[in-house]
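Visitor: The structure under discussion is supplied below as structure tokens; questions concerning it will follow.
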Amino acid sequence: MPAPPAGTVELPRRPLDVFRWVFGAGAVVLILWSLLRIDIKWSRLWDAPSDLWTIGTLMFGRMESGDIGKLSGAMWESIAIAWLGTIIAAVFAIPLSFLAAENLVGRPVAWVTRQVFNILRAVPEVILALAFIPLFGLTPMAGVMAIGVGSIGTLGKLFYEIHEGIKTGPLEAADAVGASRLQRMRWGVIPQVTPEMTSFLLYRFEVNIRASAVLGLVGAGGIGSDISQALLFKDWGTAGLGLIIVVVGTIIVDTISGAVRRRIVSGRQSATTTTEPELAITGGVLG
Amino acid sequence: MIRFEQACVTYPNGVVGMKDLDLTIDDGEFVVIVGLSGAGKSTLIRAINGLVPLTSGRLDVNGRDVTKLNRSGLRELRSGIGMIFQGFNLVDRTTVLKNVLMGRLHEVPTWRTLIGRYPAADIDLAARALQRVEILEKAYSRASDLSGGQRQRVGIARALAQEPAIILADEPVASLDPPTSHVVMRYLQQISRELGITTIVNLHFLDLATAYADRIIGLRDGVLVFDGPGSDADEQVFESIYGRSLTADDTMTKHAAL
Amino acid sequence: MTHLDTVVPDAPTLPRKPRPALFTIATIAAAIALTIVTARSVDFSFGEIIGNLSRKNSVVEGLLNPDWGQIWSRRSRSAFIETLQLAVLGTATGATLALPLALWTTTFGNPNRWIRTVVRSFNNVNRAIPDLLWASLFVASVGIGALSGLLALFFFSLAVTTKLTSDTLDGIDMGPIEAANAAGASLPKMLRTAVVPQILPAYASFVLYNFELNLRASAVLGLVGAGGIGLRIEFFRGRGDWEALWGLVFMFFIVVFVVERLSVTLRRRLV
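Residue numbers (my numbering), protein chains in the order written: chain A, 16 to 302; chain B, 48 to 305; chain C, 645 to 915.
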């Protein structure tokens, strides 16, 4: 290359990115500490692949087709738990979400309602299931209650974020014709938020299917119970089939629910675009 | 030297991008290609570095038959040809220097690019390329913090960092305002003259074309319809290239007056 | 006052009222039907809920009267630390591998259509298996202990971060890719210089988000025997010591809350 000749050009001083270094160093320290202090015999990691392979061949090598009916029934029970739980959560989350939107109620009310959501969101469903089992016994109802109570927080949060994103024009119009508070909600807010809320509800249902499949592992009904029993009694074929049914069932419900969601969202023109990335962040993938 | 012989490009959707092209471009020439959008300007430029493969015919670039190159041969060819884009094609989130170092990718070992540590010689080369377009002080700025004209200068620096024998510029000023456009065109012209780099530029504006080109090539529907020195290209010639009478949109200055 | 009658004298006929969209009706009907059918299959009853919840029970009593003394218990504290370590290592391994895996699912990152399909299917299947199920499988095959928990979190993190990262990759600017190719870059070089810088801030933020999720997840892994605080929770449940159980859970919430605040602050700086 050309004028200017090699070595004659001096770059400006390179700026130091303190944040990046601190962040990076912190992460490295944390990882090293965990790696060295955790109570794991790392030598066992070498055996893990062969252990997995053994179990895998046992699980998928000789599956009992006779179990299909029973396990499918259990998967259906998991789906039922997820659906009813979602519905129960919605019954509570919808009215509460209006009380958490700062543009609809005063700030103090919104703040208090949000703290309720935050607390409920913090409790893992499995812990709730543990708490409901002594009350409801080892039944699907314990699962329904766990999912129902556990989803109020997340649904409420998603919903009030939708409410806060609405256009203010219709609200103003409602005020201008002298609408009461309730009328204002009914005609100014609800028509705007219904499609998104429905879409999020379905999305939460998809997440809850994964949750309810798991609840059975601690005894709260659904296919998880069958799988954990099978694993306990080393009934590998049944466990393997159960696993396949969980995956297939989840993917089927995801596909149907996802198609309905897309249809609902595409039925609307604007506004929805803002909620899509939100969906990705708030945990499209909790399961 | 670049030589097309009976070169044709037909896209999978049936659109003809180049038809029976015979064209020779000598080393060090500054060539401007004009034509309506869709006339095959981009196709011609991208054929030279193999981004668009010929469907038939022959294309020699610096003694190599482009149609016969395999993947690593193509990479080798491309490393010697700098390219400048209408949309700049910079990585906005990273520094100007890192963007220019992209021009050194072919020469730098893979492991070095993966950890982001480039040899000092390559960094020096990138710095000199930035100096050449007078934007060295922005080396550690994010590309997204620059103005359009500055970004295109980074684009030129990236091409220069390849130490290319040929520079291809695809509508390099289409996203810029008139004064900035002239700055960018002057850089390209100077570089071509001082370093003897063959430069091929696609342009839409006729006044820019006549102002800077040593040689103008007119394309219409993928066919070469004019080839001559910039001074020969008058209004009539352009009307024949465009197949219609000229409008205010075809020149930059009137455009600017609007 | 003007009356409409004076402006529009003839009684107007409205255009025919459009029928509500078939899709809406079908969706509502399906939702109602699904609710009825599912309610039957789990023997749903309001009476049972009200009855069970209003009965005096040790669970709610423990909840109202949690045992904060757990903070001083050495065993609880080491269980906490193990949970934290599991979350860190699960994120470090799973989320790191997620970047190449996500790149492998894109057309520009993986020219081979078959490998792309295989990687995508793996991701879909992995995503359908919940974390606790992974943990149960590893406990059954590798054995009880933190290693099983780590393996479970590895797959869980892989699923989460790969999904989020590939969604981001769908929306990147293709210009730099063209530029890198035009400069003769090989595939790995192109990905490193033209693609990775574009998604790096988003990816870093996903990793942090993944860490938050892992912290929550690692709390329950122990319920199936895969290490961490869940083992203690299971222990107290077995004894029916709900005061201690809730005390432990509340402490865990405080830890999660602090970590989440930190993580949210960091994420805001990154994007």
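C-beta atoms are modelled at their ideal positions from N, C-alpha and C, and glycine is treated no differently.
None of these values were measured; they are calculated from a predicted model.
In the DSSP output, what is residue 249 (chain B) paired with across the bridge?
Guide: According to DSSP, residue 249 (chain B) bridges with B:80.
Visitor: Is the beta carbon of residue 168 (chain A) sitting closer than 7 Å to the one on residue 215 (chain A)?
Guide: no
Visitor: Which whole-angstrom value is the C-beta distance of residue 50 (chain A) and residue 859 (chain C), which I expect to be below 8 Å?
Guide: 17 Å between Cβ atoms; not a contact.
Visitor: What runs of the alpha helix (DSSP H), each 4 residues or longer, lie entirely inside the segment 779 to 826 of chain C?
Guide: 790 to 814 and 819 to 826
Visitor: Can you list, in chain order, the stretches of the alpha helix (DSSP H) that have 4 or more residues and sit fully within the segment 153 to 196 of chain A?
Guide: 155 to 179 and 184 to 191
Visitor: Please state whether the Cβ-Cβ distance between residue 141 (chain B) and residue 841 (chain C) is less than 7 Å.
Guide: In contact: residue 141 (chain B) and residue 841 (chain C) (Cβ atoms closer than 7 Å).
Visitor: Looking at the C-beta of residue 809 (chain C), does it have a partner C-beta in chain B at a distance below 7 Å?
Guide: no
Visitor: Is DSSP giving residue 170 (chain B) helix, strand or coil here?
Guide: Correct three-state label for residue 170 (chain B): helix.
Visitor: Under the rule that 16 or more other beta-carbon atoms within 10 Å means buried, what is residue 133 (chain B), buried or exposed?
Guide: buried
Visitor: Among the candidates C:790, C:854, C:786 and C:847, whose CA atom is the shortest distance from the CA of residue 867 (chain C)?
Guide: For residue 867 (chain C), the closest of C:790, C:854, C:786 and C:847 by C-alpha to C-alpha distance is C:790.
Visitor: Could you check whether the Cβ of residue 836 (chain C) sits closer than 7 Å to any Cβ belonging to chain B?
Guide: yes
Visitor: Output needed for residue 195 (chain B): all residues of its chain with C-beta closer than 7 Å, excluding positions within five of it in sequence on either side, in chain order.
Guide: 222, 223 and 227
Visitor: Bridge partners for residue 189 (chain B) per DSSP, in chain order?
Guide: B:142
Visitor: Who are the near neighbours of residue 265 (chain A) in its chain, counting only those whose CB is closer than 6 Å to its CB and skipping five residues on each side?
Guide: 224
Visitor: Using only CA atoms, which one of A:271, A:61, A:255 and A:142 lies nearest to residue 235 (chain A)?
Guide: A:142
Visitor: Within 10 angstroms of the Cβ of residue 912 (chain C), are there 16 or more other Cβ atoms? Answer buried if so, exposed if not.
Guide: exposed
Visitor: Using the DSSP secondary-structure output, state which residues sit across from residue 276 (chain B) in a beta bridge.
Guide: B:262
Visitor: Is the beta carbon of residue 89 (chain B) less than 7 Å from the beta carbon of residue 217 (chain B)?
Guide: yes
Visitor: Would you please state the rounded distance, in angstroms, between the beta carbons of residue 92 (chain A) and residue 257 (chain A)? I believe it to be under 8 Å.
Guide: Actually they do not touch by this definition, with Cβ atoms about 12 Å apart.
Visitor: First and last residue of the alpha helix (DSSP H) that includes residue 5 (chain B)?
Guide: As shown, chain B starts at 48 and ends at 305. That puts residue 5 (chain B) outside it, with no answer to give.
Visitor: By the DSSP assignment, the alpha helix (DSSP H) with residue 682 (chain C) in it spans what residues?
Guide: Note, residue 682 (chain C): alpha helix (DSSP H), 666 to 685.
Visitor: Would you say residue 856 (chain C) reaches chain B, if we count a Cβ-Cβ gap shorter than 7 Å as a contact?
Guide: No, because no Cβ of chain B sits closer than 7 Å to the Cβ of residue 856 (chain C).
Visitor: Could you tell me whether the Cβ atoms of residue 191 (chain B) and residue 139 (chain B) are closer together than 7 Å?
Guide: yes
Visitor: List, in order along the chain, the chain A residues whose C-beta lies closer than 7 Å to that of residue 685 (chain C)?
Guide: 91, 92 and 95
Visitor: If you reduce the DSSP assignment to three classes, tell me which class residue 53 (chain B) lands in.
Guide: Three-state DSSP puts residue 53 (chain B) in a strand.
Visitor: Within 10 angstroms of the Cβ of residue 155 (chain A), are there 16 or more other Cβ atoms? Answer buried if so, exposed if not.
Guide: buried
Visitor: Using a Cβ cut-off of 9 Å, pull out every chain C residue sitting near residue 161 (chain B), in sequence order please.
Guide: Under the 9 Å cutoff, chain C gives 832, 833 and 836.
Visitor: Between the C-alpha atoms of residue 775 (chain C) and residue 58 (chain A), what's the straight-line distance to the nearest angstrom?
Guide: 24 Å
Visitor: Rounded C-beta distance between residue 372 (chain B) and residue 214 (chain B)? I'm assuming under 8 Å.
Guide: This structure cannot speak to residue 372 (chain B), because chain B is shown only from 48 to 305.
Visitor: CB-CB under 6 Å to residue 105 (chain B), same chain, minus the five flanking residues each way: which ones, in chain order?
Guide: Answer for residue 105 (chain B): 52, listed in chain order.
Visitor: Ordered along the chain, which non-local residues of its own chain (more than five positions away) have a Cβ less than 7 Å from that of residue 805 (chain C)?
Guide: 738, 739, 742, 850, 851 and 854
Visitor: Quick one: residues in its chain with C-beta nearer than 6 Å to the C-beta of residue 773 (chain C), no 5 flanking neighbours on either side, listed in chain order?
Guide: none
Visitor: Can you give the Cα-Cα distance for residue 162 (chain B) and residue 28 (chain A), rounded to whole angstroms?
Guide: 21 Å
Visitor: Go ahead and label residue 115 (chain B) buried or exposed: buried means 16 or more other beta carbons lie within 10 angstroms of its beta carbon, across all protein chains shown.
Guide: exposed
Visitor: Start and end of the beta strand (DSSP E) containing residue 215 (chain B)?
Guide: For residue 215 (chain B), the enclosing beta strand (DSSP E) covers residues 213 to 216.
Visitor: Please report whether the beta-carbon of residue 205 (chain B) lies at a distance below 7 Å from any beta-carbon of chain A.
Guide: no
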